[in-house]
Amino acid sequence: MIKKIGIEDIDKGMYVCGMERSGCSPVFLMNDILINSAEDLERIRAKGYASVYISVNDEMPAVSAEAAGQTEADIAEPSEGERDENAFLVCMVTDESAALGAPCEKEEAAPSICAPDGGASACTEFEEELVEAKEIRHEAEQLVRGFLQNARVGKKIESGKVEETVGKMVDSVMRNQDALTSLARLKSFDDYTFAHCVNVCILSLALGRHMGLSKESLYQLGLGAILHDIGKMLIPSHVLNKPGRLTEEEFSLMKRHAELGGEFLSGMGFLSEQSLEVVTQHHERYDGSGYYCGLAGDYIGLFGRIAAVADVYDAMTSNRVYQLGMPREDALKRLYQMRGSFFDPEMVERLIKCLGVYPIGTLVELNTGENAIVKMINHAHPLQPVVLLISDREQVPFPKPVVADLTADGKWITNSKRPDEISFPQAYLTA
Numbered sequence: 477m478i479k480k481i482g483i484e485d486i487d488k489g490m491y492v493c494g495m496e497r498s499g500c501s502p503v504f505l506m507n508d509i510l511i512n513s514a515e516d517l518e519r520i521r522a523k524g525y526a527s528v529y530i531s532v533n534d535e536m537p538a539v540s541a542e543a544a545g546q547t548e549a550d551i552a553e554p555s556e557g558e559r560d561e562n563a564f565l566v567c568m569v570t571d572e573s574a575a576l577g578a579p580c581e582k583e584e585a586a587p588s589i590c591a592p593d594g595g596a597s598a599c600t601e602f603e604e605e606l607v608e609a610k611e612i613r614h615e616a617e618q619l620v621r622g623f624l625q626n627a628r629v630g631k632k633i634e635s636g637k638v639e640e641t642v643g644k645m646v647d648s649v650m651r652n653q654d655a656l657t658s659l660a661r662l663k664s665f666d667d668y669t670f671a672h673c674v675n676v677c678i679l680s681l682a683l684g685r686h687m688g689l690s691k692e693s694l695y696q697l698g699l700g701a702i703l704h705d706i707g708k709m710l711i712p713s714h715v716l717n718k719p720g721r722l723t724e725e726e727f728s729l730m731k732r733h734a735e736l737g738g739e740f741l742s743g744m745g746f747l748s749e750q751s752l753e754v755v756t757q758h759h760e761r762y763d764g765s766g767y768y769c770g771l772a773g774d775y776i777g778l779f780g781r782i783a784a785v786a787d788v789y790d791a792m793t794s795n796r797v798y799q800l801g802m803p804r805e806d807a808l809k810r811l812y813q814m815r816g817s818f819f820d821p822e823m824v825e826r827l828i829k830c831l832g833v834y835p836i837g838t839l840v841e842l843n844t845g846e847n848a849i850v851k852m853i854n855h856a857h858p859l860q861p862v863v864l865l866i867s868d869r870e871q872v873p874f875p876k877p878v879v880a881d882l883t884a885d886g887k888w889i890t891n892s893k894r895p896d897e898i899s900f901p902q903a904y905l906t907a
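Be aware that the sequence shown starts at 477, since it is given in the working numbering, and climbs by one per residue.
Spelled out as structure tokens, the structure:
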């Protein structure tokens, strides 16, 4: 957890992860700095910061400035790239083992085939997997459309088709977690319910893969995630599709969808207890304020805690008839603010590490004035993804997107943008 304190309260033994001058946005470091001595205290106090941000995780190992690869100069003057307004998210990738997806206890780590430095070979794998991932996503949406419509009229789910499709999704995420995840950005309010089920499944699998869950665990997680909202089909249509605000009675009925979905699926006999956990617990909240059982903390199962953040992240970033979705990085900020209250802090932090500071598909402006779309996450350098340049500094669209690796081009992201702020061919979003 990160805590803000006044510069006068800093003391030896503290881990500094960010600084803030009066009236300015905070700037966070790529690695926490351990304050070892009185000299360290004097140096940081002399820089003119009003506040500092410290990590208060008792389990964090000691890291000196030298060992972290940072110097006094780094603390005094953060780089231009680190001045970006979203740079606070970088603090989520300071723990190398977590950033690379350390396995959970008692879980066999899924094999990693991506280049550890996020370099060219990882990009090649991403492009190759993307072709297959597009077919898998389309198949998954058709599957969800079918079983939700069947559930509405009381028909049983064809478990074999669900298991086959989820198996393909797991295989894709195992080969390259970013390819299928990149397609979770494709959203339309016209088919929100169907796309949401698929996206929550994709995001849950990507998060589970990043955490090092075994292939079998990913499979069980995916089965529950793709079916997580099936209980909504058991809610009366006049309540489910009501365009206006729900009454208290209607909202109470709507909240029963997790319970109803669990009952509906448990009677079919093909889901494990872990898979059902996703269906029944994805609206539980870490502080006990959720539904339908009001579970709190670790009383919510691991799969339930994973699905909770995936569900809300996708809902926040999805376009609806009545409102546009929130920019991806804003949704991550909001989740970060709610960690420890609504959501398991570890799940939120893992999701940020998994999706990157700028998730794939984010529209950004570069220091050159050019506009771009994030094409691939660089997990080793989260502020320097591979992007597609889509327009020049005069906002004139390029004839076709141009690939640029920000680690090599001397460019950096200055801020993110909404699609309605940039004029460019919408086809570039799926390039």
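Where is the CB? At the ideal position from N, CA and C, for every residue including glycine.
Quantities reported herein were computed from a predicted structural model and do not represent experimental measurements.
Please state if the CB of residue j and the CB of residue i are separated by a distance shorter than 8 Å.
i, j, result
"E841", "T793", "no"
"S817", "F746", "no"
"P873", "I866", "yes"
"N652", "E601", "yes"
"H609", "A660", "The amino acid at residue 609 is misidentified as His; the sequence shows Ala. Contact flag unset, no."
"Y961", "K731", "With the chain represented from 477 up to 907, any question about residue 961 goes unanswered, as that position is not in the structure."
"K479", "I511", "no"
"A701", "V646", "no"
"L839", "R894", "yes"
"L909", "V785", "Lying before the first or after the last residue shown, residue 909 is absent from the chain, which here runs from 477 to 907."
"R685", "V649", "yes"
"S742", "L699", "no"
"Q871", "W888", "no"
"I530", "M490", "yes"
"L689", "L710", "no"
"Y762", "G773", "yes"
Taking the alpha carbon of residue i as the point to measure from, which residue in the options has its own alpha carbon closest?
i, options, result
"L681", "Q696, Y668, H733 and E634", "Q696"
"F779", "S693, Q813 and P803", "S693"
"G643", "A783, R796, C677 and Y789", "C677"
"P712", "Y775, G482, L703 and H733", "H733"
"F740", "G630, N847 and L808", "G630"
"L771", "Q757, S748 and A783", "Q757"
"N843", "N854, D820, V649 and D868", "D868"
"T657", "L606, S690 and L619", "L606"
"L831", "A856, E760 and I520", "A856"
"V788", "A616, L689, G737 and N675", "N675"
"P877", "P858, K851, R761 and E870", "K851"
"A671", "I776, A884, I509 and D705", "D705"
"V833", "T883, I853, D896 and S765", "I853"
"T669", "Y775, E724, L703 and M687", "L703"
"D881", "G801, I898, A616 and P858", "P858"
"K637", "L808, Q618 and R628", "Q618"
"P835", "F819, D820 and L808", "L808"
"M687", "E604, V824 and E615", "V824"
Applying the criterion that 16 or more other CB atoms from any shown protein chain within 10 Å of the CB defines a buried residue, is residue i buried or exposed?
i, result
"A526", "exposed"
"K582", "Residue confidence is low: K582 scores 39 on pLDDT, short of 50, so the model does not pin down where it sits. No coordinate-derived value is stated."
"V469", "Summary: the structure shown does not reach residue 469, with the chain confined to residues 477 through 907, and so no result is reported for it."
"M744", "exposed"
"R815", "buried"
"T641", "buried"
"N847", "buried"
"H714", "exposed"
"R721", "exposed"
"R781", "buried"
"S728", "exposed"
"A541", "With a pLDDT of 35 at A541, under the threshold of 50, the predicted position of this residue should be treated as unreliable, though the coordinate-derived value follows. Buried."
"D667", "exposed"
"N717", "exposed"
"A783", "buried"
"M568", "With a pLDDT of 44 at M568, under the threshold of 50, the modelled position of that residue is not reliable, and the figure given next carries that caveat. Under this definition M568 is a buried residue."
"D820", "buried"
"R804", "buried"
"K632", "exposed"
By the DSSP assignment, the alpha helix (DSSP H) with residue i in it spans what residues?
i, result
"M615", "The sequence shown places Glu at residue 615, rather than the Met named in the question. E615 -> alpha helix (DSSP H) spans A596 to R628."
"Y812", "R804 to Q813"
"V638", "S635 to R651"
"K829", "P821 to L831"
"M852", "Not the alpha helix (DSSP H): M852 falls in the beta strand (DSSP E), residues N847 to M852."
"D787", "L778 to T793"
"T890", "Counting along the chain, T890 falls outside any alpha helix (DSSP H), though it belongs to the beta strand (DSSP E) covering I889 to K893."
"K691", "K691 to I702"
"M495", "Careful: M495 lies outside any alpha helix (DSSP H), inside the beta strand (DSSP E) at Y491 to E496."
"S728", "E724 to M730"
In terms of residues, what are the limits of the beta strand (DSSP E) holding residue i?
i, result
"Y668", "Premise fails: Y668 lies in the alpha helix (DSSP H), Y668 to M687, not in any beta strand (DSSP E)."
"V872", "Per DSSP, V872 belongs to no beta strand (DSSP E) and is neither H nor E."
"L839", "L839 to L842"
"S531", "S527 to S531"
Strictly under 8 Å for the Cβ-Cβ distance: is residue i near chain C by that measure?
i, result
"Y529", "Here chain C cannot be found, since the structure has a single protein chain."
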